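In what follows, a single structure is set out as structure tokens and then discussed.
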Amino acid sequence: MSLENRMKQADQQWQSATYQDTISHILSRFHQRHREQLQELIPLAEKVEERHGDHPDCPKGLADALKNAYADLSSHMMKEEQILFPMIQAGNYMMARMPIQVMEFEHDEHGATIEVLRTLTHNMTPPADACTSWRNLYQGIQEFCDDLQEHIHTENNILFPRVLGEQ
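Take my numbering: the final residue in the sequence shown is number 1250, and no numbers are missing along the way.
Here it is as structure tokens:
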């Protein structure tokens, strides 16, 4: 299923779900998955850079970009898990307004990270002579970017507007 179709399906599914169900979905579907993805992708990127550093299409700096993404995303998700989501679950909607603004700003930064990854990987296109590890790396990064976009969409377009609409 395409990313666009997944987001449309999520819109329908999560618009009427409870906050608890939506937050549980975000935690299990996205937060845990992003941690797993990046922990797999970083060593794979290091391997590709080490073994193919002389190749003109080698994604030099990709491992560092993924490490930065992991650090930024870990900090972001921790703030959601420890501050924002408990506020929402407790019904403290007015108090959640400022943390939501911070999260939306950070989501924009994550969008910039996706663009950096796309640039370093030539839009996730490995060279014709790329090894299996290189191809798997780019496929994994594409999946990570798609998941991250769906994650941001779920929060920015479903969860946060509902919370901000509470009196």
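For each residue, glycine too, the CB sits at the ideal point set by N, CA and C.
This structure is a prediction, so every number in the text was calculated from the model and none was measured.
Candidates the options, of which the one nearest residue i by Cα
i       : options                            : result
HIS1159 : TYR1176, HIS1138, PHE1113          : PHE1113
VAL1246 : GLN1092, GLU1087, ASN1088, GLN1103 : GLN1103
VAL1131 : THR1237, GLN1232, ALA1213          : ALA1213
HIS1193 : LYS1143, HIS1117, SER1111, LEU1231 : LEU1231
GLN1184 : PRO1244, GLN1122, LEU1110, GLU1123 : PRO1244
MET1186 : HIS1236, SER1111, HIS1205          : HIS1236
Proximity below 7 Å, CB of residue i to CB of residue j
i       : j       : result
ALA1128 : LEU1156 : no
ILE1125 : LYS1150 : yes
GLN1120 : PHE1227 : yes
TYR1176 : GLU1238 : no
MET1178 : MET1170 : yes
Cβ-based neighbour list, residue i, same chain, cut-off 6 Å, excluding 5 preceding and 5 following
i       : result
HIS1234 : PHE1113
TRP1097 : THR1105, ILE1241
Alpha carbon of residue i to alpha carbon of residue j, nearest angstrom
i       : j       : result
GLN1095 : GLY1136 : 45 Å
GLY1223 : THR1215 : 12 Å
HIS1108 : ALA1100 : 10 Å
LEU1220 : LEU1203 : 12 Å
ILE1166 : PRO1210 : 43 Å
ARG1116 : HIS1138 : 31 Å
GLU1189 : PHE1168 : 16 Å
ALA1152 : GLU1133 : 20 Å
GLU1123 : GLY1174 : 36 Å
Integer-rounded CB distance, given that residue j should sit under 8 Å from residue i
i       : j       : result
VAL1199 : ALA1154 : VAL1199 to ALA1154, Cβ: 14 Å. No contact.
Sequence-distant residues of its chain with Cβ nearer than 8 Å to residue i (five each side left out)
i       : result
ARG1218 : PRO1209
GLN1172 : TYR1102, GLN1103, ILE1106
Same chain, Cβ closer than 7 Å to residue i, five either side skipped, listed in chain order
i       : result
GLN1225 : MET1207
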